[in-house]
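Visitor: Counted the way the numbering used here counts, the sequence shown spans residues -15 to 202.
Below is the structure I would like to discuss, written out as structure tokens.
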Amino acid sequence: MPRHDRQLALIALLQGGGLHRAEDMAAALGVSVRTIYRDLDRLAAAGVPVAGVRGQGYAAQAEVTLPPLDLTLTELEALHLGLAVVGEAGDGALAAAAETLWAKIDAHLADDGGGAAAIWAQALAAPGAGARALRHLPAIRAALKARQKLALALAGGTRLVVRPLELSYWGRRWLLVVWSEGEDMFRTLDPTAITELQVLPQLFVDEPGRSLADFRKG
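Printed below as a string of structure tokens:
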């Protein structure tokens, strides 16, 4: 049984009422007692309220239990960005809850081993970075769709005219791939470093050496 499925089954056992000994849970799930202890430690680290004493038994009772959900990467981006905004709301309790929810999501993605886990493992931005990027995302997305150039001012005073090629989200961090007109080169920008943004009326088309495909070729 994959670790993710085993941990879901373990949570179901723990929420079934009463205390459950590690030996009994190991027998029910067909694994070793040591594996059960490791899973219990992982669940506790992810914020699952596991209570108990070795040798006596364990139980867990979450206030709200959700069934397993299948999310698209875009839905996951929206969830993480929303948590970043909540983290800056000034409410200590909500900020703390957002951080524990971060941990739960990250823990399950780490166990998943799929594409989402690989993406989330790339980087962890500083707290609030997602919220700071939020104000520019609608304009960037619109320019990407319409193939319009952007005039940007970056922190530090740098000004660029760019062709936006790709906006992606990596482990709580947004990355914008552009072709910089004045520098005649590709750049990867952090939207949180953009202090001013203007969508220009000029359109662009792919040209040899300046397309996203060329950027990916390295």
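Idealized CB from N, CA, C, for every residue including glycine.
Keep in mind that this is a model prediction, so the values were computed, not measured.
1) Whose C-beta lies closer than 8 angstroms to the C-beta of Thr179 among residues of the same chain, with five residues either side of it excluded?
2) Is Val183 closer than 7 angstroms to Ala87 when the C-beta atoms are compared?
3) Which of the three DSSP states, helix, strand or coil, is assigned to Arg(-13)?
4) Would you report the Cα separation of Leu(-6) and Asp90, rounded to the nearest angstrom?
5) The alpha helix (DSSP H) that contains Pro122, what's its start and end?
6) Helix, strand or coil for Val34? Go by DSSP, reduced to three states.
7) Run the proximity test for Trp163: is its beta-carbon closer than 6 angstroms to any non-hydrogen atom belonging to the ligand MG?
8) For Gln169, which beta-bridge partners are listed by DSSP?
9) For Val189, which residues in the same chain have their Cβ closer than 8 angstroms to its Cβ, ignoring the five residues on either side in sequence?
10) Using DSSP's beta-bridge definition, name the partner residues of Arg143.
11) Between the C-alpha atoms of Ala81 and Arg26, what's the straight-line distance to the nearest angstrom?
12) When you compare the segment -5 to 15 with the segment 51 to 65, are there three or more beta-carbon pairs, one atom per stretch, that lie closer than 8 angstroms?
13) When you compare each of Arg125, Arg22, Leu3 and Gly76 to Pro175 by their alpha carbons, which one comes out closest?
14) Smallest Cα separation from Ser152: which of Thr142, Leu128 and Val146?
15) Assuming Gly166 contacts Leu144 under a Cβ cut-off of 8 angstroms, what Cβ separation, rounded to an integer in Å, is found between them?
16) Can you tell me whether Gly39 is helix, strand or coil according to DSSP?
17) Would you report the Cα separation of Gly99 and Thr56, rounded to the nearest angstrom?
18) What do you get for Leu187, buried or exposed, if any count of 16 or more other CB atoms within 10 angstroms of its CB means buried?
19) By Cβ distance, which residues of its chain are closer than 7 angstroms to Leu173, with the 5 residues on each side in sequence left out?
20) Since I believe Val34 is in contact with Leu24 (beta carbons under 8 angstroms), could you give me their beta-carbon distance rounded to a whole number of angstroms?
21) Decide if Gln(-9) is buried, meaning its Cβ has at least 16 other Cβ atoms within 10 Å, or exposed.
Guide: From the atom records:
1) Taking the sequence shown and counting its residues from 1, the one referred to as residue 179 is at position 195. Ala137, Leu138 and Ala139, listed in sequence order.
2) As a first step, residue 87 is located in the sequence shown; it is residue number 103 there, counting from the start. As a first step, residue 183 is located in the sequence shown; it is residue number 199 there, counting from the start. For Ala87 and Val183, no; Cβs fall outside 7 angstroms.
3) Position 3 of the sequence shown, counted from the start, is the residue given in the question as residue -13. Three-state DSSP puts Arg(-13) in a helix.
4) Reading the sequence shown from its first residue, position 10 is the one you call residue -6. Reading the sequence shown from its first residue, position 106 is the one you call residue 90. Cα-Cα distance, rounded: 19 angstroms.
5) Taking the first residue of the sequence shown as position 1, residue 122 is located at position 138. Segment Leu121 to Ala130, the alpha helix (DSSP H) holding Pro122.
6) The sequence position of residue 34 within the sequence shown is 50, counting from 1. In the structure shown, Val34 adopts extended strand secondary structure according to DSSP, grouped into three states.
7) Inclusion of the ligand MG in the displayed structure is not the case, the ligand content being empty and no account of it being possible.
8) Counting from one through the sequence shown, the residue named residue 169 turns up at place 185. At residue 169 the sequence reads Met, which differs from the Gln that was named. Per DSSP, Ser164.
9) The residue labelled residue 189 in the question sits at position 205 within the sequence shown. Within the same chain, Val189 has close Cβ partners Arg131.
10) The count along the sequence shown starts at 1 and reaches residue 143 at position 159. Arg143 is bridged to Ala137.
11) Mapped onto the sequence shown, residue 81 falls at position 97. Mapped onto the sequence shown, residue 26 falls at position 42. Each residue's alpha carbon lies about 18 angstroms from the other.
12) For the pair of segments examined, the segment -5 to 15 was found not to touch the segment 51 to 65: the number of CB pairs separated by less than 8 angstroms stays below three.
13) To locate residue 175, count along the sequence shown from 1; it is residue 191. It is Arg125.
14) The residue labelled residue 152 in the question sits at position 168 within the sequence shown. Looking at the Cα atoms, Leu128 is the closest of the given residues.
15) Residue mapping note: residue 166 aligns to position 182 of the sequence shown, counting from 1. Residue mapping note: residue 144 aligns to position 160 of the sequence shown, counting from 1. Between Leu144 and Gly166 the Cβ distance is about 7 angstroms, and since that is below 8 angstroms, they are a contact.
16) By one-based count along the sequence shown, residue 39 stands at place 55. Reduced to three states, the DSSP call for Gly39 is coil.
17) Counting from one through the sequence shown, the residue named residue 99 turns up at place 115. Counting from one through the sequence shown, the residue named residue 56 turns up at place 72. Reliability of the predicted coordinates at Gly99 is poor, the pLDDT of 48 falling under 50, and the value obtained from them is presented with this limitation in mind. Roughly 11 angstroms between the two C-alpha positions.
18) The sequence position of residue 187 within the sequence shown is 203, counting from 1. So Leu187 counts as exposed.
19) For the purposes of this step, residue 173 is taken as the residue at position 189 of the sequence shown. Leu160 and Val162.
20) On the sequence shown, residue 24 is found 40 positions in, with the first residue counted as 1. On the sequence shown, residue 34 is found 50 positions in, with the first residue counted as 1. Confirmed, Cβ separation roughly 6 angstroms.
21) Taking the first residue of the sequence shown as 1, we reach residue -9 at position 7. The residue in question, Gln(-9), is buried, as its Cβ has 16 or more Cβ neighbours within 10 Å.
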